[in-house]
Amino acid sequence: MKAGSDLEKVFEAGKFAVTAEIGPPQSANPEPLLQHARMLKGMADAFNLTDNQTAVVRLSSIASAAIVMREGLEPVIQMTCRDRNRIALQSDLLGASAIGVKNVLCLTGDHQTFGNEKAAKSVFDFDSVSELYTFNKLRTEGLQSGGNVIEDEPPKLYLGCAENPFATPFEFRAMRLAKKVNAGADFVQTQAIFDMDMFETWMDEVRGRSLDKKVHIMAGVIPMKTAGAARYMKNKVPGMIVPNHIIDRMKTASDPKKEGIKLCVEQIEAFKNIKGVHGVHIMAVKWEEIVPSIVDAAGLLPRPSLK
Amino acid sequence: MIVAERKPLGEIVEMIAQLHKVTVIGCRSCVAICLAGGEKEVKMLISALKLKNRKEGRKQEFDGFVLERQCEKEWVKEVDDKILASDVILSMSCSLGAQTIADMYPEKVVVPGLNTAMFGVPEEQGMWSEKCLGCGDCIIHTTGGICPIARCAKSMLNGPCGGSSDGHCEVNLDIECAWYAIHERLKLQGRLDLLEAVRPPKDWTPSHSGGRRIIVREDAKLTQHQKRGKEAVI
Numbered sequence: 010m011k012a013g014s015d016l017e018k019v020f021e022a023g024k025f026a027v028t029a030e031i032g033p034p035q036s037a038n039p040e041p042l043l044q045h046a047r048m049l050k051g052m053a054d055a056f057n058l059t060d061n062q063t064a065v066v067r068l069s070s071i072a073s074a075a076i077v078m079r080e081g082l083e084p085v086i087q088m089t090c091r092d093r094n095r096i097a098l099q100s101d102l103l104g105a106s107a108i109g110v111k112n113v114l115c116l117t118g119d120h121q122t123f124g125n126e127k128a129a130k131s132v133f134d135f136d137s138v139s140e141l142y143t144f145n146k147l148r149t150e151g152l153q154s155g156g157n158v159i160e161d162e163p164p165k166l167y168l169g170c171a172e173n174p175f176a177t178p179f180e181f182r183a184m185r186l187a188k189k190v191n192a193g194a195d196f197v198q199t200q201a202i203f204d205m206d207m208f209e210t211w212m213d214e215v216r217g218r219s220l221d222k223k224v225h226i227m228a229g230v231i232p233m234k235t236a237g238a239a240r241y242m243k244n245k246v247p248g249m250i251v252p253n254h255i256i257d258r259m260k261t262a263s264d265p266k267k268e269g270i271k272l273c274v275e276q277i278e279a280f281k282n283i284k285g286v287h288g289v290h291i292m293a294v295k296w297e298e299i300v301p302s303i304v305d306a307a308g309l310l311p312r313p314s315l316k
Numbered sequence: 004m005i006v007a008e009r010k011p012l013g014e015i016v017e018m019i020a021q022l023h024k025v026t027v028i029g030c031r032s033c034v035a036i037c038l039a040g041g042e043k044e045v046k047m048l049i050s051a052l053k054l055k056n057r058k059e060g061r062k063q064e065f066d067g068f069v070l071e072r073q074c075e076k077e078w079v080k081e082v083d084d085k086i087l088a089s090d091v092i093l094s095m096s097c098s099l100g101a102q103t104i105a106d107m108y109p110e111k112v113v114v115p116g117l118n119t120a121m122f123g124v125p126e127e128q129g130m131w132s133e134k135c136l137g138c139g140d141c142i143i144h145t146t147g148g149i150c151p152i153a154r155c156a157k158s159m160l161n162g163p164c165g166g167s168s169d170g171h172c173e174v175n176l177d178i179e180c181a182w183y184a185i186h187e188r189l190k191l192q193g194r195l196d197l198l199e200a201v202r203p204p205k206d207w208t209p210s211h212s213g214g215r216r217i218i219v220r221e222d223a224k225l226t227q228h229q230k231r232g233k234e235a236v237i
């Protein structure tokens, strides 16, 4: 065991893992987080707290983690390289570890021009790979990026990353995951999948490099409420591929919300049968309350309780 | 080269409004080539300022000329008298030229007529693109001759990020994704293996992050004797 998190235990036990995303509020009010925490407790093994997602200022991911931990949820904190240099990233990592955070997702981060602070100075001292590399050295050798060795116990961390099988160049995407595995990733959550054929092609390459044996792959899904949401993701979200048949299916559905859930559940059923996929990551953006229905319908309840 | 753009006329007018004798100084170097601060642009700016003054009933005296290189003291010294005779120097050079004059004549007001934008290259007539950030530690031999520090919006060393779409950058779909381009270039060269290794965190100390940079070349410095000789000539 590297950190002994619930997520790590589920993987180690060979179970199909579930993570879900919780978006922190754009205020200092902890109540929305607590509400989501009560609603989602027991519905997934761990919960991602996003880090100023799409570069919009929100309650910090580490503080959000502390808040949902009060309700007994296990957090995965997302840490982007957009806003913090290596001093701040390592400091926040130590701080997060000290309050009991074990799962950390290393991300480069959405560019600030997407958010509500477009005039910000970008940092990008690290990228997701060099962040993983540094955090891995920190946990294994207590070594900081500047060469200092922590005299006390190094932080116990379970390190994750994201990968997008649908961003160009496609042929490089499995190799990029290999880099992240070499840098220290224990698990990967993919970008939301809509094109199952493309995902299977990527998984073939991933297995071809035996990466499925070195990293736990969690397939990403986004439940959609409307055909408009599908179209938006296809046209406006860079690096996202939504096939037309998905948009058509949402468009012709008599109850698009139900159809969105059904689609998600079908995908999860398919993931369970893809060799090397060890879990699902549910990103119910601004629709967190739907997670229990999806997880239940996908036959993933109750979540395993492992000591 | 250094690529610059002229500031909007209104902003220039505001900077010089309270000063009477305005000397506009261009530069024949980079900013002339990028059509921002050469002879033609100096003349055009003076005409525009005069026209605006006539319309708005303002009286100012304008003089204008172009130096060979505004960032070198030797060239600036040649127009010493004109600078001393003016109330304000409106520099049509990059910020380096403007600061050279400002440092040489600390009592003079120097205002920038241009915004210094980037180290870039002319891609086609009327189009320039950024290709270097002057990080002080060039690595383009490992990236197919393409600088990811300048050409990737996130200066990634292990790109491309997940936003690369059809080979374009997520920040601006009119711009190519630098890492997509690097991948294509290295594929062409049969050197994709260069992308396999994890690139650890970059040492930014040779860049501006290490503090303001001053380069001293002992071998290029003048001896005391040479300095005396040079002064005598000037």
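Protein sequences appear in the order of chains Y and L.
All residue numbers for the first sequence refer to the working numbering, where the first residue is 10 and numbers rise by one.
All residue numbers for the second sequence refer to the working numbering, where the first residue is 4 and numbers rise by one.
C-beta atoms are modelled at their ideal positions from N, C-alpha and C, and glycine is treated no differently.
C-beta atoms of residue i and residue j nearer than 8 Å
i	j	result
Y/Asp195	Y/Lys11	yes
Y/Gly248	L/Ser167	yes
L/Leu136	L/Lys205	no
L/Val201	Y/Val110	no
L/Ala39	L/Leu99	no
Y/Glu172	Y/Val197	yes
Y/Leu42	Y/Ala26	no
Y/Glu80	Y/Arg47	yes
Y/Lys266	Y/Lys234	yes
Y/Leu58	Y/Ala37	no
L/Met4	L/Cys37	yes
Y/Ile202	Y/His287	no
Y/Arg95	Y/Ser131	no
Euclidean distance between Cα positions of residue i and residue j
i	j	result
Y/Val19	Y/Gly13	10 Å
Y/Phe208	Y/Phe175	8 Å
Y/Leu315	Y/Lys189	28 Å
L/Pro203	Y/Ala97	17 Å
L/Glu71	L/Ala223	22 Å
L/Gly170	L/Pro151	14 Å
Y/Ile303	Y/Ala74	23 Å
Y/Met88	Y/Cys115	5 Å
Y/Lys284	Y/Lys146	30 Å
Y/Ile231	Y/Thr149	34 Å
L/Ala20	L/Val82	23 Å
Y/Trp211	Y/Ala183	7 Å
Y/Met205	Y/Asp305	22 Å
L/Arg194	Y/Asn157	35 Å
Y/Ala279	L/Lys10	58 Å
L/Glu126	L/Glu8	16 Å
Y/Leu220	Y/Arg185	11 Å
L/Phe65	L/Gly213	42 Å
Y/Cys170	L/Trp207	24 Å
L/Glu221	L/Ile104	25 Å
Y/Val289	Y/Thr199	9 Å
L/Val219	L/Ile142	23 Å
L/Leu54	Y/Asp60	53 Å
Close-in-space but distant-in-sequence residues of the same chain around residue i (CB under 6 Å, 5 per side omitted)
i	result
L/Ile185	Thr146, Gly147, Ile149
Y/Phe133	Cys90
L/Ala101	Ser94, Val113, Pro115
L/Asp90	Leu22, His23, Lys24
Y/Ile324	In this structure chain Y extends from 10 to 316, so residue 324 of chain Y is not present and cannot be described.
L/Ile178	Cys172
Y/Ala129	Gln121
Y/Lys223	Val190
Close beta carbons around residue i, own chain, < 7 Å, minus the five adjacent residues each side
i	result
Y/Glu126	Ala64, Val66
Y/His45	Ile31, Glu297
Y/Asn282	none
For residue i, the residue or residues it bridges with in DSSP
i	result
Y/Tyr167	Y/Asn112
L/Glu119	Note on identity: in this sequence residue 119 of chain L is Thr, with Glu being the wrong assignment. DSSP, once it has assigned bridges, lists L/Ala7 as partnering L/Thr119.
L/Ser132	L/Val124
Y/Ile291	Y/Ala29, Y/Val230
L/Leu93	L/Val27, L/Val114
Y/His225	Y/Phe196
L/His171	L/Ser168, L/Glu179
Cutoff 8 Å; reference residue i; Cβ partners in own chain excluding five residues on either side
i	result
Y/Asp101	Ile71, Met88, Arg93
Y/Lys295	Gly32
L/Lys157	Cys164
Y/Ala53	Val27, Thr28, Ala29, Ile291, Val300, Val304, Arg312
Chain C contact for residue i (CB, 8 Å cutoff)
i	result
Y/Val138	The question asks about chain C, but that chain is absent: this structure's protein chains are Y and L.
Run through the segment 174 to 235 of chain L for me and flag every whole beta strand (DSSP E) of 3 or more residues, listed as ranges in chain order.
-> Within the segment 174 to 235 of chain L, no complete beta strand (DSSP E) run reaches 3 residues.
Where are the alpha helix (DSSP H) runs, 4 residues long or more, that stay fully inside the segment 188 to 222 of chain Y, in chain order?
-> Within the segment 188 to 222 of chain Y, the complete alpha helix (DSSP H) segments at least 4 residues long are 205 to 217, listed from N- to C-terminus.
Every unbroken alpha helix (DSSP H) inside the segment 71 to 107 of chain Y [4 residues or more] | The qualifying runs are 95 to 107.
Could you pull out every unbroken alpha helix (DSSP H) segment of at least 4 residues lying fully inside the segment 12 to 72 of chain L, listed in chain order?
-> If you keep only unbroken alpha helix (DSSP H) runs of at least 4 residues inside the segment 12 to 72 of chain L, you get 12 to 19, 33 to 36, 42 to 59.
Quick one: complete alpha helix (DSSP H) runs, 4+ long, within the segment 36 to 69 of chain Y?
-> Runs found: 40 to 49.
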